[in-house]
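Chemist: Mind looking over this structure? Questions follow.
Numbering (this note's numbering), first residue to last: 2 to 348.
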């Protein structure tokens, strides 16, 4: 690992402090170095607040050191006015002449313009250090801007004999738990890191889930619920207004409120593609598809997914609703007590 990679790696570490809190902005970290010593650090904490470069620059007490400093940043500094001023301008203003960037920003408002602005103002700029690692850091952000859809994570729990749920022979609401409490807590951690979570009608009617991250500190995801003919009454937890909720339905002309939004789609064709279009329009960069089996399988069949988390519990149902099928091998597996978590990538 060379010296530039060392400091970009530190930028990535810092940036990860913002996971789940920076949407719709990317996670970014920055360090300022003089004579191989870090004199300032910062990361982007929340959309609307100071960017990583601003926090790094502000953390340096002796501003006279900037004339011989190098600033490292995991993502190209912005060059446009948004909720905050351009970071490229701030770097130039503080007379920092050496800039090392992990990866260019693919957002059309920024892409290449920050680098050009720095070079045009006398900065020596190096781009593409640990580029793959910097891309993976903001895989949600890059997928959103490059593919015009959110980053899609499939998640389900299945029994050792391959079932996702028991047969439902009555109308009683109950959750047929498959995974253990530690797996369930990990699911809540994942929820806190992603921007939205989606389920189908039957999952709500059968389980009455809240779809929150209540067992992990962090933001609750936006709830996305498929409800073609509005079977879900206001007594269900997803309708309680606690969290912003978008109901996708075929019904027309419905009134939305602050935390309960109705969006019309055509359930007759290409439902996963329509869902992606709606979420893109709401600037939702990532979504967890949590069920049910039919909803999950529709995204698999449309090849609209990026990652999948499959929890296999130490449980046997013998009969029930079959779990979805992925025609891929997991990239890794790990044991969570008697459960097994398999992680898949669609690359």
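We treat Cβ as the ideally placed atom computed from N, Cα and C, and that holds for glycine.
(1) Between the C-alpha atoms of residue 10 and residue 137, what's the straight-line distance to the nearest angstrom?
(2) Which residue comes first and which comes last in the beta strand (DSSP E) that contains residue 333?
(3) Out of 166, 186 and 250, which has the shortest C-alpha to C-alpha gap to residue 202?
(4) At a cut of 8 Å, does the region 299-307 reach the region 139-154 through at least three beta carbon pairs?
(5) If you measure between the beta carbons of residue 77 and residue 19, is that distance less than 8 Å?
(6) Mapping DSSP to helix, strand and coil, what is residue 296?
(7) According to DSSP, simplified to helix, strand and coil, what is residue 282?
(8) Which residue from 315, 330 and 325 puts its Cα closest to that of residue 336?
(9) For residue 234, which of 209, 346, 34 and 156 has the nearest alpha-carbon?
(10) Quick one: measure Cβ to Cβ for residue 33 and residue 53, integer angstroms, because I've assumed they're closer than 8 Å.
(11) Let me make sure I understand the geometry here. Which of 168, 126, 55 and 254 has the alpha-carbon closest to that of residue 31?
(12) What span of residues does the alpha helix (DSSP H) with residue 111 cover, start to end?
(13) Starting from residue 263, follow the beta strand (DSSP E) in both directions and report where the run begins and ends.
(14) Report all residues from its chain with a CB closer than 7 Å to the CB of residue 112; omit the five preceding and five following residues, and keep chain order.
(15) Measure from the alpha carbon of residue 15 to the alpha carbon of each residue in 260, 135 and 178, then state which is nearest.
(16) Just to confirm the assignment: which complete alpha helix (DSSP H) runs, minimum length 4, are found wholly within the region 118-188?
(17) When the Cα of residue 182 is compared with those of 313, 272, 26 and 278, which residue comes out closest?
(18) Taking the alpha-carbon positions, what's the residue 327 to residue 70 distance?
(19) Among 222, 332, 158 and 290, which has the Cα closest to the Cα of residue 22?
(20) Taking DSSP's pairing of strands, which residues face residue 197 in a bridge?
(21) If I measure Cβ to Cβ from residue 281 and keep anything under 8 Å in the same chain, skipping five residues before and after, which residues do I get?
(22) Starting from residue 271 and walking both ways along the alpha helix (DSSP H), at which residues does that stretch end?
(23) Since residue 309 is in the beta strand (DSSP E), which residue starts that stretch and which ends it?
(24) Check residue 256 in the structure and name its three-state DSSP category.
(25) Compare the C-alpha of residue 185 against each of 238, 132, 339 and 12 and name the closest.
(26) Who are the near neighbours of residue 286 in its chain, counting only those whose CB is closer than 7 Å to its CB and skipping five residues on each side?
(27) Counting only the same chain and skipping the five closest in sequence on each side, list residues whose C-beta sits under 7 Å from that of residue 139.
(28) Whose C-beta lies closer than 6 Å to the C-beta of residue 199 among residues of the same chain, with five residues either side of it excluded?
(29) Would you please state the rounded distance, in angstroms, between the beta carbons of residue 66 and residue 40? I believe it to be under 8 Å.
(30) Just to confirm, is the Cβ distance from residue 260 to residue 245 under 8 Å?
(31) If I'm right that residue 6 touches residue 131 with Cβ under 8 Å, what's the distance once you round it to whole angstroms?
(32) How would you label residue 80, buried or exposed, when you count the other beta carbons within 10 angstroms and need 16 or more for buried?
(33) Decide if residue 258 is buried, meaning its Cβ has at least 16 other Cβ atoms within 10 Å, or exposed.
Modeler: To lay it out plainly:
(1) Their backbone Cα atoms lie some 12 Å apart in a straight line.
(2) Looking at the DSSP string, the run of the beta strand (DSSP E) that includes residue 333 is 333-337.
(3) It is 250 whose Cα lies nearest to the Cα of residue 202.
(4) yes
(5) no
(6) The answer is helix: DSSP assigns residue 296 an H, G or I state.
(7) helix
(8) 315
(9) 209
(10) Not confirmed; about 11 Å, so no contact.
(11) 55
(12) Careful: residue 111 lies outside any alpha helix (DSSP H) and carries neither H nor E.
(13) Here the beta strand (DSSP E) through residue 263 covers 261-265.
(14) 105 and 106
(15) 135
(16) For secondary structure counted as the alpha helix (DSSP H) over 4 or more consecutive residues, the region 118-188 holds these complete runs in sequence order: 132-138 and 140-148.
(17) 313
(18) Each residue's Cα considered, the two are about 50 Å apart.
(19) Nearest option by C-alpha distance: 222.
(20) 223 and 288
(21) 145, 149, 150 and 151
(22) Note, residue 271: premise wrong, no alpha helix (DSSP H); not H, not E.
(23) Taken as a continuous stretch (DSSP letters only), the beta strand (DSSP E) holding residue 309 covers 308-313.
(24) coil
(25) 339
(26) These residues qualify, in order along the chain: 24, 25, 141, 142, 145, 151, 152 and 196.
(27) 27, 28 and 76
(28) 225, 288 and 290
(29) 6 Å
(30) yes
(31) 5 Å
(32) With a 10 Å radius around the Cβ and a threshold of 16 neighbouring Cβ atoms, residue 80 comes out buried.
(33) exposed
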